[in-house]
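Peer 1: A single structure is presented below for examination.
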Amino acid sequence: MSDTPPHGPLHAVLDRPNSYIGRSVPRPNVRRLLQGRGNYVDDIRLPRMVHVAFVRSPYAHARIDGIDTAAALNSPGVVAVVTGAELAEYCTPWVGVLSHLAGLKSQPQHAIAIQKASWQGEAVAAVVAETRAQAEDGVDAVQVQWTELPIVADMETALDDQTPVIHPDLGDNLAWQRSFEAGDVDAAFAAGTVVDEEFSFGRHTGVTVEPRAILSSYEPAEGRLTVHHSCQAPHMMQNIFATHLGLEEHDVRVICGDVGGSYGIKVHAYADEMATAALSVMLRRPVKFIADRLESFLTDIHARDHRVRARMAISESGKILGIEIDDLTGIGPYSVYPRTSGIEANQIVNLTGAQYTCGNYRAKTTVVFQNKVPMCQYRAVGHPIATAVTEGLVDAAAAAIGMDPIEVRRRNLIPDDAYPCTAATGLSFEGLSHHRALARLVELMDYDSLRAEQERLRGDGIYRGIGIATFIELTNPSAMFYGVGGARISAQDGCTLRLDAKGNVICTTGVTEQGQGAEAVMAQVTATAVGVTIDKVRVITGDTDVVPYGGGTWASRAAGIGGEAAVQAGKALRENILKVAGIILQAEPETLDIREGRVVDGADGNDRIGLDEVGRIAYYRADTLPKDFQSELVATRHYVPKLFPFAFTNGVQASWLEVDIETGFVTLLKHWAVEDCGTVINPQLVDEQIRGGVVQGIGGALFEHCLYDDHGQLLNGSMMDYLTPMAAEMPDIEVAHVETPTADSELGAKGAGEAGTAGAPAAVLNAINDALMPLDVRLNIHPATPERILAALGTVG
Amino acid sequence: MKPAPFNYIKPSSIGDALAALGEHPEAVLLAGGQSLLPMLNMRLVAPSHVIDIGALPAMNEVSIADGWLRMGALLRHCDLAASPTVAEAAPLLQAAARHIGHPAIRNRGTIGGSLALADPAAELPACLLALGGRLVIEGLDGERVVEAAAFFTGTFETALRRDEILRAVEVPVLAPKYRSEFHELARRLGDYALVGLAAHGQIDNGGVHDLRLAFFAVGDKPALAVAAARSLEGKSLSEANIAAAVALLADDIHPIGQPGYGERTKLHHCGVLVKRALSRMAA
Amino acid sequence: MEPMIDIQTSVNGANLSARVPARQTLVDFLRYHLELTGSHVGCEHGSCGACTIRLDGDIVRGCLVLAAQADGAAVETIEGLSDSGELADLQATFHARNALQCGYCTPGMLLTAQALLADNPAPSREEIRAYISGNYCRCTGYQAIVDAIESVAAARRGVIS
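Below is the structure:
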């Protein structure tokens, strides 16, 4: 509690008495989840609801010569069998491009493929039935006549002359290319010791425990569409449904209730979800689609399939002189709508080396089409790759000049007092804390003791390694991320606060709850800014008919952007309340404050009147108020970052692990993360975002990989064969914070959702290489499987 | 991902179950269902009838007679893991049971279901091979007994005829001075093994005798490394002798690779498991 | 014709009769017939553990049991175990420790944790990790869940942590 001098009603939110900012408040609205009484899409049942299942292409690339639906139509329970051409009457196609990714091209994509299938798993017909089981029976009864087409599987050869072009209209398989150069790169490489490495990153995917889910209901009399959708960005989807189904935006309501995990998987317009919405219009009744796990692997976006050739030049004194990367990625047959599939590659160009002072940088990325599941943005978009490349190069360079990896980083990280500044890649940084974070990490992990233990164990033939990874994370994006390129994705967010007649505050916000605790953050900020206890705040999210317009949850934006909107709405509501209270109390509003739900004298905290009483008078006894006064116990404010296009954060992670050189198995012993997301609103929630993100990053580093054969067939598309991280193999993770608030908002909060995932793969691979250093082995392949480690060791060919 | 339609039959005796099997050529047997249900859900199988034998009486008992440990085919993995009788008579089986899936799987899955399915990556078939076990099979003509070595014939293939039911499993009671080792490499706890080894032999007068090295998850069925085991007969389990035996594995075992895990890595891992198992056996 | 089976079963202590499709899994029966939607469907092949329920006292995968197999059996779900108060300390501790994020795995995780503590009242962190390793959580990274179970185990033993 505060013993600072009396506060006026407009003082800064962070100084409020009884502030909830910085407190680990348990999340509201989760008791239902603990009791199995949540409200996920598949929990909802509507009158006359039917289920859709899709006929999906067994081939990676094949022409549809005919679809015989007769037997399926006779299958018990089947209501309709619909092909792509039939559904195109109800849903227009889309093209996933953005104008600021100049030159990015893609083919129009339909809700259901019409002439050909371009990846294994693409839907070519829909079967609607009374139950999902009956819909699947119908799917089995549909006969498709196929002609197999030549397949583009390998991104390395996608642009070769002899490789067929997937979409002849586009002319070639090149989706996008970008080059960037700063400083004098050739001179830098001529001047120092050069390390040259090739990195590869396996395709992986999000595997949300709740699969993608949508229940679309069309009310023909009013022409209104209501979509219950497991998604991250309800307003974005409202616009997309309206645009492609030919409806007015206000006739589309998207309701995003409980979401069973998203991580970027549920922020895209999926063809089968668009088809489900279109089917509900066509059939004039509610249609539900719940992706099953097998179709999740074949239709949820994949990510991270990159090959990066990279070089770094370093001086004898450990100064990084130059960095050069050449990135190649295959994104599947379409650029995904509406965010496009060019962003991950663009991020790699923008982020590589950007934590360091080195000014000489050359980068190229090439994005190609192929016949595999479409790739798009997934948690930490591009960061894991840029960080693994940068930090892998730094470790290789450190080894080349015989310098400790911590020391090399100290000599090259942008100094903490150098901000604001601009990185070689062109990113603007408001304020970062690389050196403080690194110092905190070294202390937290007791680096010197670990090095001593490592040395001692090597004598016993035990190979343990320490991996360090510094990184930056893009958060709180302005319209420079998507809007500037033409995407109808809101960078701003709104918050409306309303005082009810009992003194409670109802908070509606455009950001969405995906489990990360956005509703807790909004409640904490609201309670603090208005001056009530948190149990008096009710937060409502995820309903486009109810909440202010906003972007939702992605790119680590909910707390920083939604939170600031709540700060400003809270201050405005407090002012409005105090105007009423001032009249009732015959006091100047400026002399009053609200604390713990009561109006008090600002000077001495003396109790004056409860908010319930203010509400009662304003709502029920307005006759007792002056005739020239109208109370407004509601306030709405919006916020978008203005000073910087993005609020970059920074952090550093370390991994401590053991490699069994006989089996190639890696045992994770411990992981540390120090992270600076500005103002920490709820330390526990931030820590758990970091931990969950770290484990997702570890998944990519050691386990997760969508394995394809040369025919574009996914070989491990089940949870038995695709290895997600499970509890037994994961380490304990220690988390610490440095706080550098952004001045772009009063709250000062930046994002934290993706930092764990951004840094963990680099830390783990660096630790493996550190463990194997006495054996003169380096490995830059994600995931680092036992076979790959044994191959690097030369144990197996 | 819902099963194709089927009829469900729940016989009350093994005789009724055999009759139902005879009557419906496209039927499958359901015991614990921990492998069958995923296959049904994925529509990898679409039987006309599912015959639920899971509750048949007197098929989950554990007993010892004439030097043999007998376990009913419906014995659940969790009960196998917890049985004091099994702990005494066949510790190898208990060591293996801990690696089968997860608690909720072991609470339903049965040893007979696992053996009759004959997944090449399953633990128990290799254990039976290592222990010299046998399978008691019931058909309409009566009972027959098949040695484990003759039972497993290929991927999901056994000597079990489609109108027969696996009734019980028998292994010799642990003889004096015999020791067992169970080792498997799995990426994650409870996963199907990349490779696994059930080793069983007698340690006497400083030498190993009657050694059996049974691998699983290497090929289409569990495989005994005969030459490697024979090379050690009567010898001490010294580092050099073990290494010589490991060198013979390439003649014994012909692993089939899987995506991201080739046959050479598998063979290498087999050698590591032999080394580790025999080193522990010698200790 | 969809083959149907008549079953009699007890769900959360209440006896009921139902006619179910022979092919329907127990978790689908609970969710779509009884509208007990707390048991979640995540993979339908026994890998994720989101559908974990109790059958005759043992935790099982609701997706790997047919509804027909529950004839004569006692089924318990997260809803029943919440109402009985059996999980109250686990639920409160999961909440306080933020051992859930999206909550989709949580019912299965709670039932598995309860089974562990019945088997082993004083599990080590490694034993906790091993026991819950058949329950997939994509959000938390597991540590908070391990912490919560460890602290409930200690509290039930009367150890003040």
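Protein chains in written order, with the numbering used here: chain D, 22 to 818; chain U, 4 to 286; chain B, 61 to 221.
Virtual Cβ for every residue (Gly too), placed ideally from N, Cα, C.
Do T670(D) and G718(D) have their CB atoms nearer than 7 angstroms?
Peer 2: No.
Peer 1: Under the DSSP definition of a beta bridge, which residues are partnered with Q198(D)?
Peer 2: BP columns for Q198(D) point to T387(D).
Peer 1: Taking the beta strand (DSSP E) that R233(D) belongs to, which residues open and close that run?
Peer 2: Element bounds for R233(D): n/a, residue is neither H nor E.
Peer 1: So, helix, strand or coil for S23(D), using DSSP?
Peer 2: Caution is warranted here: a pLDDT of 37 is assigned to S23(D), below 50, making its placement in the model unreliable, and no coordinate value can be reported.
Peer 1: Consult DSSP for L122(D) and reduce its assignment to one of helix, strand or coil.
Peer 2: Three-state DSSP puts L122(D) in coil, outside helix and strand.
Peer 1: At the level of alpha carbons, what is the spacing between L43(U) and H105(U)?
Peer 2: Their backbone Cα atoms lie some 20 angstroms apart in a straight line.
Peer 1: By how many angstroms is the C-alpha of P81(B) removed from the C-alpha of L72(U)?
Peer 2: Spanning the two alpha carbons is a distance of roughly 40 angstroms.
Peer 1: Measuring straight from C-alpha to C-alpha, what distance separates A602(D) and Q535(D)?
Peer 2: For A602(D) and Q535(D), the distance between alpha carbons rounds to 37 angstroms.
Peer 1: Can you look up T411(D) in the DSSP assignment and give me helix, strand or coil?
Peer 2: Three-state result, T411(D): helix.
Peer 1: Taking DSSP as the reference, what is the three-state secondary structure of H250(D)?
Peer 2: Of the three classes helix, strand and coil, the one that applies to H250(D) here is strand, per DSSP.
Peer 1: Please report whether the beta-carbon of V31(U) lies at a distance below 7 angstroms from any beta-carbon of chain D.
Peer 2: By this cut-off, V31(U) is not an interface position.
Peer 1: For D182(D), which residues of its own chain have a beta-carbon under 6 angstroms away from its beta-carbon, when the five flanking residues on both sides are left out?
Peer 2: Contacts found: none.
Peer 1: Ordered along the chain, which non-local residues of its own chain (more than five positions away) have a Cβ less than 8 angstroms from that of L800(D)?
Peer 2: Hits under 8 angstroms: L786, I789, N790, L793, R809, I810, A813.
Peer 1: Rounded C-beta distance between V715(D) and I754(D)? I'm assuming under 8 angstroms.
Peer 2: Between I754(D) and V715(D) the Cβ distance is about 5 angstroms, and since that is below 8 angstroms, they are a contact.
Peer 1: Using beta-carbon positions only, say whether A544(D) and V567(D) come within less than 7 angstroms of one another.
Peer 2: Not in contact: A544(D) and V567(D) (Cβ atoms no closer than 7 angstroms).
Peer 1: Quick one: which unbroken beta strand (DSSP E) runs of 3-plus residues sit fully inside the stretch 168-252 of chain U? Chain order, please.
Peer 2: Entirely contained in the stretch 168-252 of chain U, the beta strand (DSSP E) runs reaching 3 residues are, in chain order, 168-175, 181-188, 198-207, 210-219.
Peer 1: Just verifying my parser: in three-state terms, what is the DSSP assignment at G29(D)?
Peer 2: Residue placement at G29(D) cannot be trusted, given a pLDDT of 38 that sits under 50; what the coordinates show is reported in the next sentence. Coil at G29(D), not helix or strand.
Peer 1: I need the DSSP call for N671(D), collapsed to helix, strand or coil.
Peer 2: If DSSP states are grouped into helix, strand and coil, N671(D) belongs with the strands.
Peer 1: Would L76(B) be called buried (16 or more neighbouring beta carbons within 10 Å of its own) or exposed?
Peer 2: Exposed: under 16 other Cβ atoms inside 10 Å.
Peer 1: Helix, strand or coil for R637(D)? Go by DSSP, reduced to three states.
Peer 2: Helix at R637(D).
Peer 1: I'd like the list of long-range same chain contacts for R712(D), defined as Cβ closer than 6 angstroms, with 5 residues on each side in sequence excluded.
Peer 2: Closer than 6 angstroms at Cβ, skipping near neighbours: I754.
Peer 1: Is the CB of D24(D) under 7 angstroms away from at least one CB in chain B?
Peer 2: Bear in mind that the predicted position of D24(D) carries a pLDDT of just 37, short of 50, making it unreliable; the figure below should be weighed with that in mind. With 7 angstroms as the cut-off, D24(D) does not count as an interface residue toward chain B.
Peer 1: If we cut at 7 angstroms on Cβ distances, does P47(D) have a partner in chain B?
Peer 2: Taking Cβ atoms only, chain B reaches closer than 7 angstroms to P47(D), which makes this a yes.
Peer 1: Pull up the distance between the alpha-carbon of K139(U) and that of S317(D), whole angstroms please.
Peer 2: A small correction: the amino acid at residue 139(U) is Val; Lys does not occupy that position in the sequence shown. Cα to Cα, V139(U) sits roughly 42 angstroms from S317(D).
Peer 1: Going by beta carbon distance, what residues of the same chain come within less than 6 angstroms of T565(D), once the five residues before and after it are set aside?
Peer 2: Answer for T565(D): P255, H256, Q259, R274, V275, listed in chain order.
Peer 1: What are the boundary residues of the beta strand (DSSP E) that includes K691(D)?
Peer 2: K691(D) -> beta strand (DSSP E) spans 687-697.
Peer 1: Considering Cα atoms alone, identify which of A92(D), S766(D), L315(D), A784(D) is closest to Q589(D).
Peer 2: Here the closest residue by C-alpha is S766(D).
Peer 1: Give a yes or no on whether the minimum CB-CB distance between S70(B) and chain U is below 7 angstroms.
Peer 2: So, not an interface residue.
Peer 1: What do you get for F650(D), buried or exposed, if any count of 16 or more other CB atoms within 10 angstroms of its CB means buried?
Peer 2: Answer is exposed; the Cβ neighbour count stays below 16.
Peer 1: Verify whether the separation of the beta carbon atoms of A656(D) and L594(D) is less than 7 angstroms.
Peer 2: Taking 7 angstroms as the Cβ cut-off, A656(D) and L594(D) qualify as a contacting pair.
Peer 1: Classify I138(B) as buried or exposed, calling it buried when 16 or more other Cβ atoms lie within 10 Å of its own Cβ.
Peer 2: By the 10 Å Cβ count, I138(B) comes out buried.
Peer 1: Using beta carbons (cut-off 7 angstroms, strictly below), is A375(D) in contact with chain U?
Peer 2: Not closer than 7 angstroms to any Cβ of chain U, the Cβ of A375(D) fails to qualify, so no.
Peer 1: In or out: H659(D) buried (at least 16 other Cβ within 10 Å) or exposed?
Peer 2: Classification for H659(D): buried.
Peer 1: Name, please, each residue of chain B whose Cβ falls closer than 9 angstroms to the Cβ of R191(U).
Peer 2: By Cβ distance, chain B contributes S193.
Peer 1: Starting from T297(D), follow the beta strand (DSSP E) in both directions and report where the run begins and ends.
Peer 2: Where T297(D) is concerned, there is no enclosing beta strand (DSSP E), although the alpha helix (DSSP H) it sits in stretches over 292-304.
Peer 1: What are the residues in the stretch 146-169 of chain B lying within 9 angstroms of chain U by C-beta distance?
Peer 2: Going along the stretch 146-169 of chain B in chain order, one finds G168 with a Cβ nearer than 9 angstroms to chain U.
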